[in-house]
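Student: Residue numbers (my numbering): 69 to 346.
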């Protein structure tokens, strides 16, 4: 196989691996909705329980149900001493609806919905679902952030493969990876964080936000790799280490241990109440 053919193969592999990692992150993180099916009166009905929503409005739940089905919706603020609030749900035109109360940015609510068919109860989730509210991020910030982070990962994988197989452009690809990561992660990342959670940085040394911390870790290792390769373009160890760190970062589901409000530190706690939603 010629060098050109090998290069094309390595680029293709890099893009495919990045695509697989992107799908993995999207479908495994704590913001991915809980989806399921339930058998009611002999028919199967699908449902979706949201785990992320923009601030400024309650998060909706809607589900088609057959006649004779009602529901119970219970919720409380996550990480709080609140007691559970309970709302009786009654269908309207064959649809059961609930509204998860709006929270400030980084505020979370844990909630659970059960459907009732006479004396039989169908709980839609074994454990309460946690939804986090966030500020809306403008497209002109979010799209470049995603673009740079996507291609930073593509070039990261390609750099590692270059160090293993061809060893001709390792320094060049390392430089491009670092540049893409600086723009996507270190510059645009905090701006996205500010829009979403009203804070530029909540990782080390000021906090424990895992998204910020893994971004910082990846940047440090790629910066070291770049410094080493500036002096020795033949070095293979550091680009491979940096690639391994980047892969590890992307294997951690997005938004795990992210920004959140701890209401247990509040003085005022919500009181329980029972309502009926028609």
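Ideal placement from N, C-alpha and C gives every residue a C-beta, glycine not left out.
Less than 7 Å between C-beta atoms, sequence neighbours within five positions excluded: which residues of the same chain meet that for residue 121?
Tutor: Indexing the chain shown from 1 puts residue 121 at position 53. The residues are 127, 199, 201.
Student: Measure the Cβ-Cβ separation of residue 252 and residue 307 and say whether it is below 8 Å.
Tutor: Position 184 of the chain shown, counted from the first residue, corresponds to residue 252. Position 239 of the chain shown, counted from the first residue, corresponds to residue 307. Cβ atoms of residue 252 and residue 307: not closer than 8 Å.
Student: Assuming residue 254 is part of the alpha helix (DSSP H), what are its boundary residues?
Tutor: Your numbering for residue 254 matches position 186 in the chain shown. Run containing residue 254: none; DSSP gives neither H nor E here.
Student: Would you say the stretch 154-171 touches the stretch 230-245, given that touching needs at least three Cβ pairs under 8 Å?
Tutor: No: the two stretches stay apart, fewer than three of their Cβ pairs being nearer than 8 Å.
Student: Just the C-alpha distance for residue 337 and residue 152, rounded to the nearest angstrom, thanks.
Tutor: Position 269 of the chain shown holds residue 337. Position 84 of the chain shown holds residue 152. Reliability fails at residue 337, whose pLDDT of 48 lies under 50, so the model's placement of it is uncertain and the value that follows must be treated cautiously. Cα-Cα distance, rounded: 11 Å.
Student: Suppose you measure from the CA of residue 184 to the CA of residue 83; what does that come to, to the nearest Å?
Tutor: Here residue 184 refers to the residue found at position 116 when the chain shown is read from its first residue. Here residue 83 refers to the residue found at position 15 when the chain shown is read from its first residue. Cα-Cα distance, rounded: 47 Å.
Student: According to DSSP, is residue 331 part of a helix, a strand, or is it coil?
Tutor: The residue given as residue 331 occupies position 263 in the chain shown. The answer is helix: DSSP assigns residue 331 an H, G or I state.
Student: Out of 283, 137, 215, which one is the CA nearest neighbour of residue 110?
Tutor: Position 42 of the chain shown holds residue 110. Closest by alpha carbon: 137.
Student: Could you name the residues of the same chain whose beta carbon sits closer than 8 Å to that of residue 209, not counting the 5 residues immediately before and after it, in chain order?
Tutor: Reading the chain shown from its first residue, position 141 is the one you call residue 209. Result list for residue 209: 256, 259, 260, 263, in chain order.
Student: What span of residues does the alpha helix (DSSP H) with residue 121 cover, start to end?
Tutor: Residue mapping note: residue 121 aligns to position 53 of the chain shown, counting from 1. Segment 120-122 is the beta strand (DSSP E) holding residue 121; no alpha helix (DSSP H) there.
Student: Just to confirm, is the Cβ distance from residue 192 to residue 104 under 8 Å?
Tutor: Residue 192 sits at position 124 when you count from the first residue of the chain shown. Residue 104 sits at position 36 when you count from the first residue of the chain shown. Their beta carbons are under 8 Å apart, which means residue 192 touches residue 104 by this criterion.
Student: DSSP on residue 183, reduced to helix/strand/coil?
Tutor: If you number the chain shown from 1, residue 183 lands on position 115. Of the three classes helix, strand and coil, the one that applies to residue 183 here is strand, per DSSP.
Student: Tell me the residue span of the beta strand (DSSP E) that contains residue 75.
Tutor: As a first step, residue 75 must be located in the chain shown, where it is residue number 7. Residue 75 -> not in any beta strand (DSSP E); alpha helix (DSSP H) instead, spanning 71-96.
Student: Enumerate, from N- to C-terminal direction, the unbroken alpha helix (DSSP H) stretches of 4 or more residues contained entirely within the stretch 260-301.
Tutor: The qualifying runs are 278-299.
Student: Reducing DSSP to helix, strand and coil, say where residue 168 ends up.
Tutor: For the purposes of this step, residue 168 is taken as residue 100 along the chain shown, with counting starting at 1. Strand, per DSSP.
Student: Three-state secondary structure (DSSP) at residue 224?
Tutor: In the chain shown, residue 224 corresponds to position 156, counting from 1. Three-state DSSP puts residue 224 in a helix.
Student: Can you give the Cα-Cα distance for residue 223 and residue 132, rounded to whole angstroms?
Tutor: Indexing the chain shown from 1 puts residue 223 at position 155. Indexing the chain shown from 1 puts residue 132 at position 64. Taking the straight line from one Cα to the other gives about 45 Å.
Student: Answer with buried or exposed for residue 225, where buried requires no fewer than 16 other C-beta atoms within 10 angstroms of its C-beta.
Tutor: Along the chain shown, one-based indexing puts residue 225 at 157. Counting Cβ neighbours within 10 Å, residue 225 comes out buried, since at least 16 surround it.
Student: Do you know offhand how far residue 341's Cα is from residue 144's?
Tutor: One-based indexing of the chain shown puts residue 341 at position 273. One-based indexing of the chain shown puts residue 144 at position 76. Low confidence applies here, because residue 341 scores a pLDDT of 40, under 50, leaving its location unreliable; read the following figure in that light. If you take the alpha carbons of residue 341 and residue 144, they lie about 11 Å apart.
Student: Is the beta carbon of residue 147 closer than 8 Å to that of residue 279?
Tutor: By 1-based counting over the chain shown, the position of residue 279 is 211. By 1-based counting over the chain shown, the position of residue 147 is 79. No, they are not a contact pair.
Student: Would you check if the distance between the CB atom of residue 287 and the CB atom of residue 248 is smaller than 8 Å?
Tutor: As a working note, residue 287 is residue 219 in the chain shown. As a working note, residue 248 is residue 180 in the chain shown. Not closer than 8 Å, so no.
Student: Which residue or residues does DSSP assign as beta-bridge partners of residue 104?
Tutor: Stepping through the chain shown from its first residue, residue 104 is reached at position 36. 115, per the DSSP bridge assignment.
Student: Taking residue 189 as the reference, give the member of 106, 177, 289, 330 with the closest Cα.
Tutor: Position 121 of the chain shown holds residue 189. Nearest C-alpha to residue 189: 106.
Student: Secondary structure at residue 349, three-state DSSP: helix, strand or coil?
Tutor: Because the chain spans 69 through 346 in this model, residue 349 falls outside it and cannot be assessed.
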